[in-house]
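A short write-up of the structure that comes next.
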Amino acid sequence: MKYFELNDDINFPNRWYLGDISEVDNWELSTSIPEGTVSLNIEIVRNGEEMDFTFTEAYGVPVVSLKVKEALDGIQGINFIPLQVLGRQCSTKYFVLVTNEIVECVDEANSEFQKFEENDPVRPDKAGEYRAFMKLRLDASKIVGIDIFRLMKFEVAVIVSERVKQRLESVSTTGLDLTAVV
C-alpha cells in the first residue's frame, strides 16, 4: 500500500490562515484530546478563502471541514473536536483532526534528513529527533494496516494511507497537498 504525507497547499489562491487555538496546549492536540475538551475556538490570522484542509500557523494542528470529517468516518486512530472560527460566519462546520497513532517507521537509509543535535542553540531538548526531511521514505513493513498516523521523532508530519487519500480526493478536498512517502 502507498502512503502520503498530508501537507497544506500553500499555493491555494487567496487562502485563509488560521492562528492558535487559545483554550488548550496546541502541541497536545497533535496526538490527544485534552481532558474535558468539548469544543474549541480559533482566530483567523489572515482572512481569505475557506479551505477543507489546513494546518494552524504556529503549531501545525490539522483543521478540516465537515465534508472531510464525513469522508474520514470509520477510519481508526483519529478523533475530531468541533471548532468555532472566531469573527467569521463560515460556510461549513470545522473540526480539529486529532491523530492518535505515533509510529516509528522512517526508512533512514532511503530518506534525506537532518536531526537536532545536543549542542543545538535553540532546541537541545530535541537531540536525536528529526529537524527536517528533504526526502522522506517510510518502512512499509512497520505501517501495515494503519491508515493515519504521525511519525515518531517528527510528530508534525501526518501520514495517510492510499485508502485515506482516495477518500479525501473523492470529496474534492481543497487546501490539500499530498506527497508520496512509500
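Just so you know, the sequence shown maps onto residues -16 to 165 in this note's numbering. All C-beta atoms in this analysis are idealised placements derived from N, C-alpha and C, irrespective of residue type, glycine included.
The C-alpha of Ser13 is placed about 7 angstroms away from the C-alpha of Glu138. Between the segment 8 to 23 and the segment 50 to 59, the count of Cβ pairs shorter than 8 angstroms is below three; the stretches do not touch. A distance below 7 angstroms between beta-carbons, with the five flanking residues on each side excluded, links Arg71 to the following residues of its chain, in chain order: Ile27.
Taking a 10 Å sphere around the C-beta of Cys88, we find 16 or more other C-beta atoms and assign the residue as buried. For the options Ala115, Leu1, Asn(-6), the alpha carbon positioned closest to that of Cys73 is the one of Leu1.
A residue is called buried when at least 16 other Cβ atoms come within 10 angstroms of its Cβ; Gly158 meets this threshold and is buried. The beta carbon of Leu69 is closer than 6 angstroms to those of Asn24, Glu26 in its chain, skipping five residues each way along the sequence. Of all alpha-carbon atoms in Ser48, Tyr(-14), Phe(-5), the one lying nearest the alpha-carbon of Val154 is that of Ser48. Ala140 is classed as buried because its beta carbon has at least 16 other beta carbons within 10 Å across all chains shown. Thr162 is positioned such that its CB atom lies no closer than 7 angstroms to that of Phe36. In this structure, the straight-line span from the alpha carbon of Pro107 to that of Asn83 is close to 26 angstroms. Asn24 sits in a strand when the DSSP states are folded into three classes. With respect to the 7 angstroms criterion, Ile85 and Met135 are classified as neighbours on the basis of their beta carbons. Remark: C-beta atoms of Ile58 and Asp130 approach each other more closely than 7 angstroms. For Glu145, the enclosing alpha helix (DSSP H) starts and ends at 145 to 153.
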